[in-house]
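Participant: Got a structure for you, questions after.
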Amino acid sequence: MTTEPHSTGWTTTLGELARTSELVDDFLAQERAIAQAKARQARILAEARAIAESQMRRAGTGSEFEHPVRSIAAELGVAARISDRSIRLRMEWAVDLVDGFPATFALFEEGRISEGHVRATLDAGSRLEDDDSRAEFEQIILPRAVKLTAGQLGSVARKLADDIEPLPLEERHEEAMADRSVRVAPLPDGMGELTYVGPAVTVYAMHDRVTQMARTIHRTKTEGDDRTLDQIRADVFAEIALAGLPTAELIDQHGGDALTQIKATVQVTVPWQSLTGVGDESAFLAGYGPIPAEAARRLAGEAAKWTRLFTDPDTGCLKTVDTYTPTKAQRRFLIARDEHCRFPGCRQPAVRCEDDHTIPYSHGGPTTVGNLANLCRAHHVLKHNSNWDFRHGPGGVMEVISPTGRIVKHKPTPVVRFEASAEIARADFGADPPPF
Numbered sequence: 038m039t040t041e042p043h044s045t046g047w048t049t050t051l052g053e054l055a056r057t058s059e060l061v062d063d064f065l066a067q068e069r070a071i072a073q074a075k076a077r078q079a080r081i082l083a084e085a086r087a088i089a090e091s092q093m094r095r096a097g098t099g100s101e102f103e104h105p106v107r108s109i110a111a112e113l114g115v116a117a118r119i120s121d122r123s124i125r126l127r128m129e130w131a132v133d134l135v136d137g138f139p140a141t142f143a144l145f146e147e148g149r150i151s152e153g154h155v156r157a158t159l160d161a162g163s164r165l166e167d168d169d170s171r172a173e174f175e176q177i178i179l180p181r182a183v184k185l186t187a188g189q190l191g192s193v194a195r196k197l198a199d200d201i202e203p204l205p206l207e208e209r210h211e212e213a214m215a216d217r218s219v220r221v222a223p224l225p226d227g228m229g230e231l232t233y234v235g236p237a238v239t240v241y242a243m244h245d246r247v248t249q250m251a252r253t254i255h256r257t258k259t260e261g262d263d264r265t266l267d268q269i270r271a272d273v274f275a276e277i278a279l280a281g282l283p284t285a286e287l288i289d290q291h292g293g294d295a296l297t298q299i300k301a302t303v304q305v306t307v308p309w310q311s312l313t314g315v316g317d318e319s320a321f322l323a324g325y326g327p328i329p330a331e332a333a334r335r336l337a338g339e340a341a342k343w344t345r346l347f348t349d350p351d352t353g354c355l356k357t358v359d360t361y362t363p364t365k366a367q368r369r370f371l372i373a374r375d376e377h378c379r380f381p382g383c384r385q386p387a388v389r390c391e392d393d394h395t396i397p398y399s400h401g402g403p404t405t406v407g408n409l410a411n412l413c414r415a416h417h418v419l420k421h422n423s424n425w426d427f428r429h430g431p432g433g434v435m436e437v438i439s440p441t442g443r444i445v446k447h448k449p450t451p452v453v454r455f456e457a458s459a460e461i462a463r464a465d466f467g468a469d470p471p472p473f
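Residues 38 to 473 (my numbering) make up the sequence shown, in order.
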């Protein structure tokens with residue numbers, strides 16, 4: 038399926054289109070060059086660390102003999118006007134990359150992935166201890182790395198590492214919980230930074246609730262209130278932290294007790310065996326990655342506001358949804374399939390996106406999941422006011438065509454697959470077809 042041409046209200050000359058295409062090519066070339074330079078720098082830092090370790094071996098063992106590392110880090114830092122502590126951290130990262138993830142480093146040297154992609158890969162894969170596990174991890178994740186943004190890659194890589202890692206997620210989560218904290222750091226110009234480290238579900242729920250409150254205020258703000266959504270979100274967070282609830286002024290101005298009634302909403306995909314206690318396969322928090330099955334069971338049983346999606350771990354297919362009312366069922370399906378806005382690189386959660394007809398309804402496009410996709414407000418507006426084109430393919434795959442003719446294939450999140458056979462579909466939904 039493809040969209041109809043749009044009436045943009047503005048025009049692009051052939052010369053502008055050609056020059057835009059050249060600029061995109063130049064930009065990509067520079068991105069590759071930057072990645073290659075960063076890779077060369079990583080190799081330099083890894084070799085510098087190797088020299089220091091050789092000196093340490095000649096001197097003997099013991100913490101006092103870390104002086105060679107400190108010395109060479111200081112040498113590099115003074116030359117580059119970077120603190121020696123930062124250089125030491127960068128050397129450790131470079132060694133982990135060059136020695137521990139050779140296939141990732143090879144792509145980095147070729148300029149095919151950015152430093153952000155490399156960090157997402159190492160952040161997820163560094164906990165894999167043996168070489169075979171890391172090699173398996175790289176073999177699976179790197180074909181995705183060249184197609185996804187760094188942000189998209191992170192959640193996929195965490196899920197993959199969780200599948201490969203022999204230590205159960207519950208045990209690792211319990212260990213990580215010991216590091217939960219709230220920290221404060223000074224910033225310039227009279228500002229400060231507050232950092233909360235805790236369970237991912239809690240963090241994402243906190244952000245969602247504060248965001249919903251901020252959006253309510255942003256939609257109804259009075260004349261003279263020129264705050265951005267981010268600024269309002271920060272103000273709401275401070276109000277809740279200091280007063281327990283939004284202040285009376287906020288409540289009075291923005292719909293009585295409407296703000297206090299807002300509840301957090303997150304999306305967790307749960308294998309049905311884990312939900313019923315038969316198995317312990319980890320659940321998946323949209324926008325983050327795997328969470329312990331026990332945490333998902335508590336959410337499903339105790340929190341009515343959590344969106345519950347049930348999958349079969351053998352097929353990855355959607356097993357059932359909370360309601361079969363046609364409109365709601367379609368929406369639940371799209372949220373599960375898309376997870377985020379379908380515009381390439383956008384991470385806006387599907388629960389805050391809009392349903393878009395790929396072929397406009399006014400042009401005869403049907404209201405089916407094969408012609409619907411989640412687009413955030415900004416990209417929804419862009420689609421209908423520019424020459425970006427969208428095409429639906431089988432399995433929820435979306436082709437996005439830029440005005441200069443570049444085609445990007447955007448696949449739905451790999452956590453929930455939608456290639457079930459007709460027999461599985463009938464078993465899932467009964468004799469009647471699904472309500473979409």
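Here a beta-carbon is modelled for each residue, glycine too, at the ideal position from N, C-alpha and C.
(1) Taking 8 Å as the threshold, find out whether the region 112 to 129 comes into contact with the region 45 to 55 through three or more Cβ pairs.
(2) Ends of the alpha helix (DSSP H) at K75?
(3) Could you spell out the range, first to last residue, of the beta strand (DSSP E) harbouring T48?
(4) Does the contact criterion of 3 or more C-beta pairs under 8 Å hold for the region 65 to 74 versus the region 148 to 158?
(5) Opposite I444 in the DSSP bridges: which residues?
(6) One question on the structure: do A251 and R264 come within less than 7 Å of each other, judged by their Cβ atoms?
(7) If I measure Cβ to Cβ from G467 and keep anything under 6 Å in the same chain, skipping five residues before and after, which residues do I get?
(8) Apply the 10 Å Cβ neighbour rule to V115 and answer buried if 16 or more other Cβ atoms are within range, or exposed otherwise.
(9) Helix, strand or coil for V183, going by three-state DSSP, please let me know.
(10) Based on DSSP bridge pairs, tell me the residues matched to M128.
(11) Do L322 and C378 have their CB atoms nearer than 7 Å?
(12) Across which residues does DSSP place P223 in a beta bridge pair?
(13) Please list, in chain order, all residues of the same chain as I109 whose beta carbon is under 6 Å from its beta carbon, the five residues on each side excluded.
(14) Skipping 5 residues on each side, what residues in its chain have a beta carbon closer than 7 Å to that of T57?
(15) Does the Cβ-Cβ distance between V135 and A83 come in under 7 Å?
(16) Please work out which residues of its chain come closer than 8 Å, Cβ to Cβ, to L419, disregarding the five sequence neighbours upstream and downstream, and give them in chain order.
(17) Along the alpha helix (DSSP H) that carries E208, what are the first and last residues, could you check?
(18) With a threshold of 7 Å on Cβ separation, who are the neighbours of T248 within its own chain once the five nearest residues in sequence on each side are excluded?
(19) Please name the residue or residues paired with I328 in a DSSP beta bridge.
(20) Within 10 angstroms of the Cβ of Y241, are there 16 or more other Cβ atoms? Answer buried if so, exposed if not.
Facilitator: According to the structure data:
(1) Cβ pair count under 8 Å is below three, so no.
(2) For K75, the uninterrupted alpha helix (DSSP H) segment begins and ends at L51 to A96.
(3) From DSSP, T48 is part of no beta strand (DSSP E); its letter is neither H nor E.
(4) Verdict: yes, contact present.
(5) Beta-bridge pairing links I444 to I438.
(6) Going by C-beta atoms, A251 is not nearer than 7 Å to R264.
(7) In this predicted model, G467 has a pLDDT of only 37, less than 50, meaning its place in the structure is not dependable; the value taken from the coordinates is given anyway. Within the same chain, and ignoring the five residues on either side of G467 in sequence, no residue has its Cβ closer than 6 Å to its Cβ.
(8) Its Cβ having fewer than 16 others within 10 Å, V115 is exposed.
(9) Judged by DSSP in its simplified three-state form, V183 adopts coil rather than helix or strand.
(10) The beta-bridge partner set that DSSP reports for M128 is empty.
(11) No; because the gap between Cβ atoms is not below 7 Å, this pair is not in contact.
(12) Answer by DSSP bridge pairing, in chain order: G229.
(13) The answer, listed in chain order, is A85 and A89.
(14) Here the set comprises T441.
(15) Yes, the Cβ-Cβ distance between V135 and A83 is below 7 Å.
(16) Cβ neighbours of L419 within its own chain (closer than 8 Å, five residues either side excluded): F380 and W425.
(17) L206 to M214 is the extent of the alpha helix (DSSP H) around E208.
(18) Excluding residues within five positions, the ones whose Cβ falls inside 7 Å are R270.
(19) According to the DSSP secondary-structure assignment, I328 is paired through a beta bridge with A320.
(20) Counting Cβ neighbours within 10 Å, Y241 comes out buried, since at least 16 surround it.
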